[in-house]
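Comments concern the structure below.
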Amino acid sequence: MKRKKLKIPHLKDNIQLFTLALPAIVLLAVFSYWPMYGIILAFKNYKVPLGMWGSPWVGLKNFLFFFQAQDAWRVTRNTLLLNFLFITVTLVCAVGFALLMFEVKSRTHVKVYQTVSILPNFLSWVAVSYMSYALLEPTKGILNRVIESMGGEGISWYAEPEYWPVILLIIKIWHGVGIGSIVYYAALMGVDSELYEAADIDGATKLQKIRYISLPCIVPIITIRLIMAIGKIFRGDFGLFYNVTRDQGTLYPTTDIIDTYVYRALMNQGNVGMSSAVSLFQSVVCFITLMITNSVVKKINPENSLF
Amino acid sequence: MKKKMIALLMAGVMAVGMLAGCGSTNRSSQSESSTKQSSAESETKSTVVESSTEEVKEEPVTVTWWMYGGAADEHDLVMEELNKLLVEKINVKLDLVMIASSEFDEKVRLASMAGEDFDLVWTSNWKNHFDANVSRDAFMAIEDIVAEYGQEMVASMPDGLLDVGKVDGHLYAIPNQQILARQLGVYVQKEYAEKYNLTLTHIDDISEMYDFFDQIVANEPDVWPLLGTKGMTLSIETEKIYESLANGYVFIKKDDDNLTAVPEVIAREELFRTQNEWYKRGYVQPDFATVTDTTANAKAGKYICHLATYKPGGAEEVSNQQGREYIVIPAGEPYLQATSGQETMTAVNVNSKNPEAAVKLLNLVYTDKEVFNMLLSGIEGVHYNKIDDTHIQTVENCKYNYAGNAWKFGNQFLAYYNPQQIDGTWEETDKMNRESEVSPIRGFAFDSTNVQAELAQLDAVSAEFSKGQYIAEDIDAWMKERADKLEKAGLSKVVAEVQAQLDAWKASK
Numbered sequence: 039m040k041r042k043k044l045k046i047p048h049l050k051d052n053i054q055l056f057t058l059a060l061p062a063i064v065l066l067a068v069f070s071y072w073p074m075y076g077i078i079l080a081f082k083n084y085k086v087p088l089g090m091w092g093s094p095w096v097g098l099k100n101f102l103f104f105f106q107a108q109d110a111w112r113v114t115r116n117t118l119l120l121n122f123l124f125i126t127v128t129l130v131c132a133v134g135f136a137l138l139m140f141e142v143k144s145r146t147h148v149k150v151y152q153t154v155s156i157l158p159n160f161l162s163w164v165a166v167s168y169m170s171y172a173l174l175e176p177t178k179g180i181l182n183r184v185i186e187s188m189g190g191e192g193i194s195w196y197a198e199p200e201y202w203p204v205i206l207l208i209i210k211i212w213h214g215v216g217i218g219s220i221v222y223y224a225a226l227m228g229v230d231s232e233l234y235e236a237a238d239i240d241g242a243t244k245l246q247k248i249r250y251i252s253l254p255c256i257v258p259i260i261t262i263r264l265i266m267a268i269g270k271i272f273r274g275d276f277g278l279f280y281n282v283t284r285d286q287g288t289l290y291p292t293t294d295i296i297d298t299y300v301y302r303a304l305m306n307q308g309n310v311g312m313s314s315a316v317s318l319f320q321s322v323v324c325f326i327t328l329m330i331t332n333s334v335v336k337k338i339n340p341e342n343s344l345f
Numbered sequence: 081m082k083k084k085m086i087a088l089l090m091a092g093v094m095a096v097g098m099l100a101g102c103g104s105t106n107r108s109s110q111s112e113s114s115t116k117q118s119s120a121e122s123e124t125k126s127t128v129v130e131s132s133t134e135e136v137k138e139e140p141v142t143v144t145w146w147m148y149g150g151a152a153d154e155h156d157l158v159m160e161e162l163n164k165l166l167v168e169k170i171n172v173k174l175d176l177v178m179i180a181s182s183e184f185d186e187k188v189r190l191a192s193m194a195g196e197d198f199d200l201v202w203t204s205n206w207k208n209h210f211d212a213n214v215s216r217d218a219f220m221a222i223e224d225i226v227a228e229y230g231q232e233m234v235a236s237m238p239d240g241l242l243d244v245g246k247v248d249g250h251l252y253a254i255p256n257q258q259i260l261a262r263q264l265g266v267y268v269q270k271e272y273a274e275k276y277n278l279t280l281t282h283i284d285d286i287s288e289m290y291d292f293f294d295q296i297v298a299n300e301p302d303v304w305p306l307l308g309t310k311g312m313t314l315s316i317e318t319e320k321i322y323e324s325l326a327n328g329y330v331f332i333k334k335d336d337d338n339l340t341a342v343p344e345v346i347a348r349e350e351l352f353r354t355q356n357e358w359y360k361r362g363y364v365q366p367d368f369a370t371v372t373d374t375t376a377n378a379k380a381g382k383y384i385c386h387l388a389t390y391k392p393g394g395a396e397e398v399s400n401q402q403g404r405e406y407i408v409i410p411a412g413e414p415y416l417q418a419t420s421g422q423e424t425m426t427a428v429n430v431n432s433k434n435p436e437a438a439v440k441l442l443n444l445v446y447t448d449k450e451v452f453n454m455l456l457s458g459i460e461g462v463h464y465n466k467i468d469d470t471h472i473q474t475v476e477n478c479k480y481n482y483a484g485n486a487w488k489f490g491n492q493f494l495a496y497y498n499p500q501q502i503d504g505t506w507e508e509t510d511k512m513n514r515e516s517e518v519s520p521i522r523g524f525a526f527d528s529t530n531v532q533a534e535l536a537q538l539d540a541v542s543a544e545f546s547k548g549q550y551i552a553e554d555i556d557a558w559m560k561e562r563a564d565k566l567e568k569a570g571l572s573k574v575v576a577e578v579q580a581q582l583d584a585w586k587a588s589k
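If you're matching them up, the sequences are chains Y and Z in order.
Residues in the first sequence are numbered from 39 upward in steps of one, following this note's numbering.
Residues in the second sequence are numbered from 81 upward in steps of one, following this note's numbering.
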């Protein structure tokens, strides 16, 4: 949102603002642009004594390994579909949770709910994987015990790939909904309370207030978060997919994503060129999806687009 | 105006990028921030150490040695003491850097790519991969330096051991000495072996133990006879006949002088059938294929037997680890594989500034009992007490003990025995190393440069099928599906590459 200020053309007039932005620009340059020269590794056969620039060029050879792989389509599909699922459902849940919180009037209660819901976000995926294992373990797991005590037959969860998109979705939401809703909650707090008072006088119901005041007010922030999320749609959450599935081969049909595939394929060889190549490919696709989403948003409502 | 602004910004950013790029050619100057920090740390450390002992004859050179493993509490204390000894003997100082196992590969790779100048580094064919390092030219060719400064350690090696550290005639790593000959063994809980009167002292085939397994299945409902193996590396069936190459995707027959490369899907067929049979007969836990963590069950003693490599003193080692008594039944015969010895080696970093001093130091640690044992067990009277010339007892609450790392530091056979170890183990191991049957392709090392993409895809595919044989109702169908996928991933190309290199190797002999 702040970027828009850049459109004001007079550098001299806004020298203070630019000075304020300078640290951020420097940080961006150092941490995001500077390392970018590493991209050339994707086109090189890296040799330590020759360094990054001196190593021989190999053209697109490093890219072949991924594109020729028989599972390339499967992992790409999994990455896209699962991320799409995560983005949409997390968004709905986070906004919904924020709206609920907004309706809670007691400050103490809000604090308690928020703390509890944010807590999972601070657990590492490794810890989460053991928690889910305790639930899903085929013989002693809690879930199967419950199913069996109700007369059903336990399911060997780690052998049935079809359940996993849902399992991962539930875990992802549990893990991220609290932290995700904070931004929306903050945005709601910023809505002018006169609007609600006016609506009360007009006799609007709670749902109507949500529908006509709350939601429209946070649409810009929703859109921006959505664009950012879609910009990362080609990168999976490695920690989630690798740890929580416990890297079970039987689950690959629905849980293998680009990041886990590359990790598995290159772990033994440590080939820097090939891993850079896949990473570059992901970045380029992410860049393209980001641009497309942004331009679509711009077409619909120029106010809400990112740039 | 707006465009100009953006253009200006872009130009600025690009200029920064260019600077960054050029910086990297100055090697040690610019690099990933994380590694920069660690190098700075080690630099300050070494300068501090150097300045404190200025009065010694010539300024001693400090050799930095990167090793994986946890650092002991009194690491610095022992290093100080050890360095006095080292300066006295060869006027070299050691800065031993212990890096946690889980971080080792990543850290070494980043540091080496950033051009850091550490000197010695541990490498192997299973961690901090030797091949990958050599293909990046990350190690220095040290045949000349070793010829001058490393004669004693070379002389202590059995024939052909040094060759496993060579690629294309250049020596890139010094193999350590531990158990080299490979033989499998079945480790059995003593309690059950006695209860069911298991008297076998050697087996050639796992089926010889099926009677014992059946008795356990019939009489012991709470335990399972066998812990399956996750990878496919340990198998009496395959190892009886074959030796593996190229990360286990290609095999050759042990007695085949023509050196015909056999794809793994053929070599492992028998193994998969056997393991599937275990599943069907109830020798392994029924959900073994999907259980991801067997440590709790193993701790509780739920698995009566497991397969592992056999070595002298092995049963005692396993008994100590598991906290219950085990016996071991060796299977097959000891065999020296083409690259046996690559399991633990020490290499010199290509950016090392003191390769001579590094090799000198390695040579001393490798051959000098006093230095080696101080490195392993610390200071006498502080960390351990001597029982006699070859036996020690560590003190209680010992704050320095690297004895478990002996096999990573040089020659394991020089280590003192602790009370849990059996006398004569080292001599017996050394004898086994020198007398076992030797592979027809001893010294041949597969160069994976041309099939890196295929190997990556094979790794990805075979992981998908890992342990599937323990759940397959129709093993033939499962094997066919697996074989098809491996074939598509480029198995036959790898086989052809191995065959070509074997033929060339044979022709050069």
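Beta carbons: idealized from backbone N, C-alpha and C, even for Gly.
Being a predicted model, the structure only gives us computed values, none of them experimental.
Opposing strand residues paired with Z/Y267 [DSSP bridges]: Z/H386 and Z/V408, per the DSSP bridge assignment.
C-alpha distance - Y/S187 paired with Z/D302, whole-angstrom precision: Counting only the Cα atoms, Z/D302 lies some 21 angstroms from Y/S187.
Z/E271 classed as buried or exposed, judged by whether at least 16 other C-beta atoms fall within 10 angstroms: Flag for Z/E271 reads exposed.
Run of the beta strand (DSSP E) containing Z/A540, from where it starts to where it stops: Counted as a single uninterrupted DSSP element, the stretch harbouring Z/A540 is not any beta strand (DSSP E) but the alpha helix (DSSP H) occupying residues Q532 to F545.
DSSP three-state assignment for Y/R284, whether helix, strand or coil: Looking at Y/R284 - three-state DSSP - the assignment turns out to be coil, as it is neither helix nor strand.
Boundaries (first-last residue) of the alpha helix (DSSP H) holding Z/M178: Run containing Z/M178: none in the alpha helix (DSSP H); it sits in the beta strand (DSSP E), V172 to I179.
Cutoff 8 angstroms: Z/A378 Cβ touching any chain Y Cβ: Not an interface residue.
Below-8 angstroms beta-carbon distance, Z/D336 vs any chain Y residue: It does not: the Cβ of Z/D336 has no partner Cβ on chain Y nearer than 8 angstroms.
Endpoints, the beta strand (DSSP E) within which Z/F331 is located: According to the DSSP assignment, Z/F331 belongs to the beta strand (DSSP E) that extends over V330 to K333.
Residues of its chain near Y/A80, where Cβ-Cβ distance is below 6 angstroms and the 5 sequence neighbours each way are ignored: Once the five neighbours on either side are set aside, the close Cβ partners of Y/A80 are N100, S314, A315 and L318.
Three or more C-beta pairs below 8 angstroms linking the stretch 287-300 of chain Y and the stretch 234-242 of chain Y: Look at the beta carbons and you see the stretch 287-300 of chain Y not touching the stretch 234-242 of chain Y: under three pairs across the two are nearer than 8 angstroms.
Own chain residues within Cβ distance below 7 angstroms of Y/H213, not counting five before or after: The beta carbon of Y/H213 sits closer than 7 angstroms to the beta carbons of P158, N159 and V166 from its chain, once the five residues preceding and following it are set aside; these are given in chain order.
Y/I208 classed as buried or exposed, judged by whether at least 16 other C-beta atoms fall within 10 angstroms: Label assigned to Y/I208: exposed.
Spatial neighbours of Z/R562 in its chain, beta-carbon cut-off 6 angstroms, leaving aside the 5 residues before and after: Taken in chain order, the residues that qualify are F545.
Pairwise C-alpha distance: Z/L566 and Z/N38: Nothing in the structure corresponds to residue 38 of chain Z, since chain Z is present only between 81 and 589.
Simplified DSSP assignment, three categories, for Z/S126: Residue confidence for Z/S126 is low, a pLDDT of 44 falling below 50, so the modelled location carries little weight and cannot support an answer.
Cutoff 7 angstroms; reference Y/L344; Cβ partners in own chain excluding five residues on either side: Same-chain partners within the cutoff: I262, I265 and N332.
Helix, strand or coil at Z/V574 according to DSSP, with G and I counted as helix: Here DSSP, grouped into helix, strand and coil, assigns Z/V574 to helix.
Z/A253 to Y/D275 span [Cα, whole Å]: In a straight line, the C-alpha of Z/A253 is about 38 angstroms away from that of Y/D275.
Cutoff 6 angstroms; reference Z/G505; Cβ partners in own chain excluding five residues on either side: The question names Gly, but residue 505 of chain Z is Thr in the sequence shown. If the five residues before and after Z/T505 are omitted, its C-beta is found closer than 6 angstroms to the C-beta atoms of P392 and G393, all from its own chain and listed in chain order.
Alpha carbon of Y/N306 to alpha carbon of Z/N213, nearest angstrom: Computed Cα separation, rounded: 11 angstroms.
Closest residue to Z/K173 among Z/V575, Z/E161 and Z/N491 (Cα-Cα distance): Comparing Cα-Cα distances from Z/K173 to each of Z/V575, Z/E161 and Z/N491, the minimum goes to Z/E161.
Residue ranges of each alpha helix (DSSP H) within the stretch 190-231 of chain Y, 4 or longer: Here the runs fully enclosed are 202-227.
CB contact flag (Z/Y299, Z/T426, <8 angstroms): Here the sequence assigns Asn to residue 299 of chain Z, which means Tyr is not the residue at that position. Taking C-beta atoms as the reference points, Z/N299 and Z/T426 fail to come closer than 8 angstroms.
Amino acids of chain Z, ordered along the chain, whose beta-carbon sits closer than 9 angstroms to that of Y/Q108: Contacts between Y/Q108 and chain Z, judged by CB atoms closer than 9 angstroms, involve Q537, V541, K565, K568 and A569 in chain order.
Ordered list of beta strand (DSSP E) runs contained in the stretch 294-374 of chain Z, each at least 3 residues: Here the runs fully enclosed are 304-307, 322-325 and 330-333.
Contacts that Y/K336 makes with chain Z (C-beta to C-beta distance below 9 angstroms): Per Cβ cutoff of 9 angstroms: no residues; Y/K336 is ~17 angstroms from chain Z at best.
Segment contact flag, the stretch 376-383 of chain Z with the stretch 323-332 of chain Z, C-beta cutoff 8 angstroms, min 3 pairs: Two segments are said to touch when three or more pairs of C-beta atoms, one from each, lie closer than 8 angstroms; by this definition the stretch 376-383 of chain Z does not touch the stretch 323-332 of chain Z.
Assigned exposure category for Z/N338 - 16 Cβ within 10 Å defines buried: Burial check for Z/N338: the Cβ neighbour count within 10 Å stays below 16, so the residue is exposed.
Contact check, Z/M147 vs Z/W202, beta carbons under 8 angstroms: The answer is yes: Cβ separation under 8 angstroms.
Touch test, the stretch 483-496 of chain Z against the stretch 429-447 of chain Z, Cβ-Cβ under 8 angstroms, three pairs minimum: Result yes; three or more Cβ-Cβ pairs closer than 8 angstroms.
Separation of Y/R284 from Y/S170, as counted between CA atoms: Whole-angstrom Cα-Cα distance: 10 angstroms.
Helix, strand or coil at Z/Q422 according to DSSP, with G and I counted as helix: Of the three classes helix, strand and coil, the one that applies to Z/Q422 here is coil, per DSSP.
Assumed close pair Z/F292, Z/L278 - CB separation to whole angstroms, cut-off 8 angstroms: The pair is a contact, with the Cβ atoms about 5 angstroms apart (cut-off 8 angstroms).
Z/R514 at chain Y interface by Cβ criterion, 8 angstroms: For Z/R514, no CB of chain Y lies under 8 angstroms from its own CB, so it is not counted at the interface with that chain.
Minimum Cβ-Cβ distance from Z/T372 to chain Y less than 8 angstroms: So, interface residue.
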